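**Student:**
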Amino acid sequence: MADTIIIKDQRFLEHITTSGHPESPERLKEIYRRIRDDDLKGTFCEVEPREALEEELAFNHTADYIASIRSTAGKPFSSLDPDTSTSACSWQAAILAAGAVLTGIEMILNGKAANGFALVRPPGHHAERSRAMGFCLFNNIAIGAHYLQKQFGLQRILIVDWDIHHGNGTQHAFYSTPAVLYFSTHQFPYYPGSGLIEETGAGDGTGYTVNVPLSGGQGDADYLNIFNHILEPIVDEYKPEFILVSAGYDIYHLDPLGTMSVTTNGFFLMTRFLQKLARRHCQARLLLALEGGYHVDGIAASVKSTIQALANRSDPLLDQESGFSPEPVGDIGPVLQRVKKVHAANWSAFR
């Protein structure tokens, strides 16, 4: 069994965006180059993704919407919204991006890997059931969560979304079900304008959407405090069977679209924190999928740091609380208190 798998494919580079667009192939080119560094040799196995079937895309998207994206194949340019467009090969890249998440899930649940990272584009967490938006065509991580339910019968799936932008599409996909716990840290107010603390789910899903909106400028210690004081108590009560991560690197401190202050070490520590939770509750089952991140060197260095954490699965430090302050500092404290107050009725740890 491979401890860590990296799902990648050169065809992701053939999704061509408009000139000057921040979600460019250069992001993934640099990531693919950086993961060949000598100090990563032997730490992971590379895997090619399969294509997602249209019936698998339909777990999360309407038939008409899928057909509309398929119709762009071979066309040099199609505009879907002011930020989102396709090129001739975007359909192929998009079904491979969703398929990469499914490939990772299959390998982990079939005992062929412990954890993995789907290094894909286009990203996915803004894609709604029948709408492309925010650079996203299909919601890769949401399709993966549906697949875990429908193909493997899992009933408690955790999605952690640390992208600077709120994953509106993912939240909407699971807003009324307890089968998926969606946890998001994001800047607010910021695109796409969703993700208030008070957005906690509906019906049977009440309490299973947890939003931690941030003002901007938060760094490594802030994120780890959020994980420690909010995420961990909820996860210990929820006891997920699988953890999926929408891994956005636009919280990197130099990102041109962001205002956060997370360093490469912060991504290492956040990944290691999630490994600790995965080991505790779901046999270390942890799969990340690439979302945003637009500083080319920063995203590559941060992804490399994430992979180093994934491959360090047996590190005894995984079970130690290190790298963050025991109590929230600065303006993060009031936000965490508000989250706890809103969710006190949903999670016993906050009562």
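Sequence positions in the sequence shown follow our numbering and run 15 to 365. Cβ coordinates follow ideal geometry from the N, Cα and C atoms, glycine included. The model shown is predicted, which means the values in this text are computed figures rather than measured ones.
1. On the three-state DSSP scale, how would you describe Ile20?
2. What beta strand (DSSP E) runs, 3 residues minimum, are completely inside the segment 38-89?
3. Taking DSSP as the reference, what is the three-state secondary structure of Met284?
4. Which stretch, first to last residue, makes up the alpha helix (DSSP H) that contains Thr320?
5. Of the choices Ile109, Thr223, Ser92, whose alpha-carbon is the least far from that of Ala398?
6. Taking Cβ to Cβ, would you say Phe197 is nearer than 8 Å to Pro227?
7. Indicate whether Leu291 and Leu258 have their beta-carbon atoms separated by less than 8 Å.
8. Taking buried to mean at least 16 other C-beta atoms within 10 Å of its own C-beta, is Gln163 buried or exposed?
9. Just curious, the beta strand (DSSP E) that Gln201 is in, first and last residue?
10. Answer yes or no: the CB of Glu37 versus the heavy atoms of the ligand NAD, is any distance below 7 Å?
11. In angstroms with no decimal places, state the Cα-to-Cα distance between Asp78 and Asp53.
12. What are the boundary residues of the alpha helix (DSSP H) that Asp234 is part of?
13. Specify the secondary structure class of Met121 as computed by DSSP and reduced to three states.
14. Once you ignore the five residues that flank Phe282 on each side, which residues in its own chain have a CB closer than 6 Å to its CB?
15. Would Gly221 pass as a contact of Gly215 if the rule is Cβ separation under 8 Å?
16. May I ask you to verify whether the segment 43-58 touches the segment 267-282, counting CB pairs closer than 8 Å and requiring at least 3?
17. If distances are taken between C-alpha atoms only, which option among Trp361, Lys126, Glu68, Phe149 comes closest to Leu110?
18. How would you call Glu70, buried or exposed, if buried means at least 16 neighbouring beta carbons within 10 angstroms?
19. In the DSSP output, which residue or residues are listed as bridge partners for Gly183?
20. Can you look up Asn225 in the DSSP assignment and give me helix, strand or coil?
21. DSSP has Thr100 in a bridge; who is on the other side?
22. Report yes if the CB atom of Ala66 is closer than 8 Å to the CB atom of Ile157, and no otherwise.
23. Span of the alpha helix (DSSP H) holding Ile157?
24. Is the CB-CB distance between Ile122 and Tyr161 below 8 Å?
25. In whole angstroms, what is the alpha-carbon distance linking Leu331 and Phe58?
26. Whole-angstrom Cβ separation of His357 and Val224, contact assumed at under 8 Å?
**Tutor:** In short:
1. Of the three classes helix, strand and coil, the one that applies to Ile20 here is strand, per DSSP.
2. 59-61
3. Of the three classes helix, strand and coil, the one that applies to Met284 here is helix, per DSSP.
4. Thr320 -> alpha helix (DSSP H) spans 310-324.
5. Nothing can be reported for residue 398, as the shown portion of the chain is limited to 15 through 365.
6. It is not a contact, given that the beta carbons lie outside the stated cut-off.
7. no
8. buried
9. Boundaries of the beta strand (DSSP E) around Gln201: 194-201.
10. This structure lacks the ligand NAD; in fact it carries no ligand of any kind.
11. 46 Å
12. Per DSSP, Asp234 belongs to the alpha helix (DSSP H) from 234-240.
13. helix
14. Ser319, Ala323
15. A Cβ-Cβ contact shorter than 8 Å links Gly221 with Gly215.
16. no
17. Glu68
18. buried
19. For Gly183, which the question treats as bridged, DSSP gives no partner whatsoever.
20. strand
21. Ser92
22. Yes, these two residues count as a Cβ contact at 8 Å.
23. 154-166
24. no
25. The pLDDT assigned to Leu331 is 48, lower than 50, so where the model puts this residue is not dependable; a value taken from the coordinates is nonetheless given after this. So the two alpha carbons sit approximately 20 Å from each other.
26. Rounded, the Cβ-Cβ distance is 7 Å, consistent with contact.
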